[in-house]
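Asks: Okay, handing you the structure first.
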Ligand SMILES: Nc1nc2c(ncn2[C@@H]2O[C@H](COP(=O)(O)OP(=O)(O)O)[C@@H](O)[C@H]2O)c(=O)[nH]1
Ligand SMILES: [Mg+2]
């Protein structure tokens with residue numbers, strides 16, 4: 078069968094594990110059955126002698142030469158380290174070559190390896206093998222990708238925690254408890270012909286309620302966890318000329334958007350990534366919101382309204398020099414819960430009018446002098462980026478995990494409802510089985526080839 082063949086392909090693979098390009102050191106990583114005998118003929122001891130298995134000591138660096146055809150010309154001087162199976166990242170024999178970071182030489186070594194039957198690895202193939210060999214489960218594999226791609230320290234920390242198995246741990250605990258419940262439901266089914274009193278459903282329901290609660294809280298944290306990975310989206314809105322682009326540039330710490338005293342300068346939405354108090358944020362500068370006959374500007378305004386709906390938070394900028402205008406009053410009415418009011422141009426504020434913000438938190442800044450920016454960041458972090466405290470535990474960070482979890486929670490609710498309605502075990506066990514299946518898929522016990530393909534194709538080569 079083709080599918081199972083590729084699922085269990087454990088032949089030797091190789092890939093550059095360090096970024097491509099010129100570097101001080103380049104690491105070529107190899108893994109698989111039959112790796113060593115294929116690799117050894119390409120290596121020499123520094124004196125020129127051939128290399129035998131005895132020359133490799135587990136997990137110890139060895140100085141070797143990599144030689145090229147013909148006549149074993151020296152290609153590079155490298156350090157070689159061998160991690161014998163099963164005590165390696167993949168669970169297979171793994172060898173890493175640390176050579177000089179010359180792209181030409183690295184390319185040639187990879188060609189030589191390929192010629193020796195050590196084929197180029199596909200993206201994520203090392204980690205995929207680690208999963209298949211039980212070195213880690215899917216949530217941990219995904220955490221590795223999340224760690225490598227983390228755009229802020231906070232996301233990186235969360236990823237490391239998940240890599241260590243905090244999420245798997247919780248899911249495993251929930252699965253074990255649900256399996257016990259399932260056993261009870263099915264036991265009552267087996268004995269239903271005989272005169273055995275049905276198991277007290279109150280006890281089952283209590284236990285199931287607790288597991289549901291546990292999974293539910295994970296699910297509630299999921300959108301935040303995914304945000305931590307993908308970044309929060311904050312949008313800056315306001316009338317033209319209040320200083321939105323100036324504020325945007327100030328928050329980025331560089332000039333990105335055009336600032337101009339001419340109203341209506343920004344017609345497009347411009348976004349940029351920033352880190353605010355350790356959180357990854359995509360900040361959006363927008364066209365000023367006003368009534369206009371100008372078609373390009375009108376389109377920009379329409380775009381702004383669409384983006385507002387999708388954003389995690391809205392920063393409404395007002396002009397402290399001018400004070401409230403009727404247009405501002407209209408804008409403020411359109412604000413949702415996750416919004417802040419920012420009085421900008423405080424350097425021009427004379428105290429003539431009162432600076433208020435209705436029900437929304439208010440911050441006073443000057444985008445020109447930078448005054449109040451620190452306070453602004455604090456308020457944003459506190460009001461718009463409500464993350465569980467650092468170290469609070471497992472967080473779902475991947476949409477795939479969230480979807481599987483949501484399916485489990487839904488199936489459990491169904492199961493509970495049926496038990497409450499006194500349905501027999503053969504009925505109530507069906508949704509419970511679906512819940513278990515969804516949790517199995519979440520951690521990767523149910524491994525489908527296409528699912529693995531989808532997950533690991535997003536990895537970098539060499540991981
Ligand atoms: N004095 C002062 N001028 C500002 C401040 N913020 C923006 N401006 C000026 O206000 C004008 C409009 O700024 P801009 O950022 O383009 O506003 P936008 O249309 O809302 O994007 C420019 O001339 C800016 O230099 C501020 O805090 N203080
Ligand atoms: Mg602008």
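In my numbering, the protein residues as written are 78 to 540. Ideal placement from N, C-alpha and C gives every residue a C-beta, glycine not left out.
Does the beta-carbon of residue 170 have 16 or more other beta-carbons within 10 angstroms, so that it is buried, or is it exposed?
Replies: Buried.
Asks: Report all residues from its chain with a CB closer than 7 Å to the CB of residue 233; omit the five preceding and five following residues, and keep chain order.
Replies: Same-chain partners within the cutoff: 224, 227.
Asks: Note down the Cα distance separating residue 274 from residue 492, rounded to an integer number of angstroms.
Replies: With a pLDDT of 48 at residue 274, under the threshold of 50, the predicted position of this residue should be treated as unreliable, though the coordinate-derived value follows. Using only the alpha carbons, I get a separation of about 20 Å.
Asks: Using C-beta distances below 8 Å, list every residue in its chain close to residue 150, excluding the 5 sequence neighbours before and after it, in chain order.
Replies: Cβ within range, chain order: 144.
Asks: Starting from residue 537, follow the beta strand (DSSP E) in both directions and report where the run begins and ends.
Replies: Note, residue 537: premise wrong, no beta strand (DSSP E); not H, not E.
Asks: Helix, strand or coil for residue 87? Go by DSSP, reduced to three states.
Replies: Coil, per DSSP.
Asks: Going by beta-carbon coordinates alone, are residue 206 and residue 176 separated by less than 9 Å?
Replies: Taking 9 Å as the Cβ cut-off, residue 206 and residue 176 do not qualify as a contacting pair.
Asks: If you count every other CB in all the chains shown that lies within 10 Å of the CB of residue 350, and 16 or more means buried, which is it?
Replies: With fewer than 16 other Cβ atoms within 10 Å, it is exposed.
Asks: Which complete alpha helix (DSSP H) runs does the stretch 305 to 393 hold, if anything under 4 residues is left out?
Replies: You should have 321 to 329, 372 to 387.
Asks: From residue 119 to residue 134, what distance separates their C-alpha atoms?
Replies: Residue 119 and residue 134: Cα-Cα distance of roughly 18 Å.
Asks: Could you name the residues whose beta carbon sits closer than 6 Å to any heavy atom belonging to ligand 1, keeping them in chain order?
Replies: Selection output, chain order preserved: 315, 317, 318, 319, 320, 321, 322, 323, 336, 337, 338, 342, 343, 365, 421, 422, 424, 425, 443, 444, 445.
Asks: At which residue ranges does the stretch 210 to 270 contain complete alpha helix (DSSP H) runs of 4 or more residues, listed in the order of the chain?
Replies: Those alpha helix (DSSP H) runs which fall completely within the stretch 210 to 270 and span 4+ residues are 215 to 225, 230 to 240, 243 to 267.
Asks: Just list the residues that DSSP pairs residue 160 with in beta bridges.
Replies: 171.
Asks: Looking at residue 542: is its Cβ nearer than 9 Å to the Cβ of residue 229?
Replies: Outside the shown range of the chain, which is 78 to 540, sits residue 542, and nothing can be said about it.
Asks: Can you list, in chain order, the residues of its chain whose CB lies under 6 Å from that of residue 418, leaving out five sequence neighbours each side?
Replies: Once the five neighbours on either side are set aside, the close Cβ partners of residue 418 are 393, 434, 437, 439.
Asks: Could you give the first and the last residue of the continuous beta strand (DSSP E) run that contains residue 145?
Replies: Residue 145 -> beta strand (DSSP E) spans 139 to 145.
Asks: For residue 195, name the three-state secondary structure that DSSP assigns.
Replies: Three-state DSSP puts residue 195 in coil, outside helix and strand.
Asks: Relative to ligand 2, is the shortest distance from any of its heavy atoms to the C-beta of residue 334 smaller than 8 Å?
Replies: Checking every heavy atom of ligand 2 against the Cβ of residue 334, one is found closer than 8 Å.
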